[in-house]
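To start, the structure itself, in structure tokens.
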Amino acid sequence: DSLRSESDSIRQALDKHLNHLFRGQREEQNRAALFGDSNATTRKTAASFFEERNKLEQSHVALDEMLGQGREIVGNLARQNATLRGVSRKMVDVAQSLGMSQSVVNMIERRTASDRFLVIGLSLVLLV
608 DSLRSESDSI
618 RQALDKHLNH
628 LFRGQREEQN
638 RAALFGDSNA
648 TTRKTAASFF
658 EERNKLEQSH
668 VALDEMLGQG
678 REIVGNLARQ
688 NATLRGVSRK
698 MVDVAQSLGM
708 SQSVVNMIER
718 RTASDRFLVI
728 GLSLVLLV
């Protein structure tokens, strides 16, 4: 009888100890099932951030290229403007030396001014 009670008490102590161990494992399994694998979630989040960073870097490079092209275009327009001003001055000088009337020269200069305003206005409309 004492052997049986001692066996029962050992069995109860063993069950209690094993229950405590298995309870921790069950809680861990339940937690993993409820929240998912935190390492996988962390990896997915890191991959998402890495992909976003790469796309932002590509956008940055594309914007730098566009700005470079814009600077190049503005530089070309400035050079063309200087060239056309020189040509315009030479044409006026030639026209005066050929004896064209002052009214024709004035009309050419007015038309040049109106063309300039037209180009500036259309450029502003194009930029907006």
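Be aware that the sequence shown starts at 608, since it is given in the working numbering, and climbs by one per residue. C-beta: ideal position from N, C-alpha, C; glycine also.
First and last residue of the uninterrupted alpha helix (DSSP H) at residue i
i	result
L625	609-642
Distance, residue j Cα to residue i Cα
i	j	result
E658	R650	12 Å
D615	E635	30 Å
R633	A653	29 Å
H667	Q676	14 Å
Q619	E613	10 Å
H627	E664	52 Å
N688	N661	41 Å
L725	M698	21 Å
D700	V732	34 Å
R630	H624	10 Å
F642	A669	40 Å
G728	S655	45 Å
R696	S708	16 Å
L734	V694	28 Å
T719	L705	20 Å
Backbone secondary structure at residue i - three-state DSSP
i	result
S708	coil
V668	helix
V735	coil
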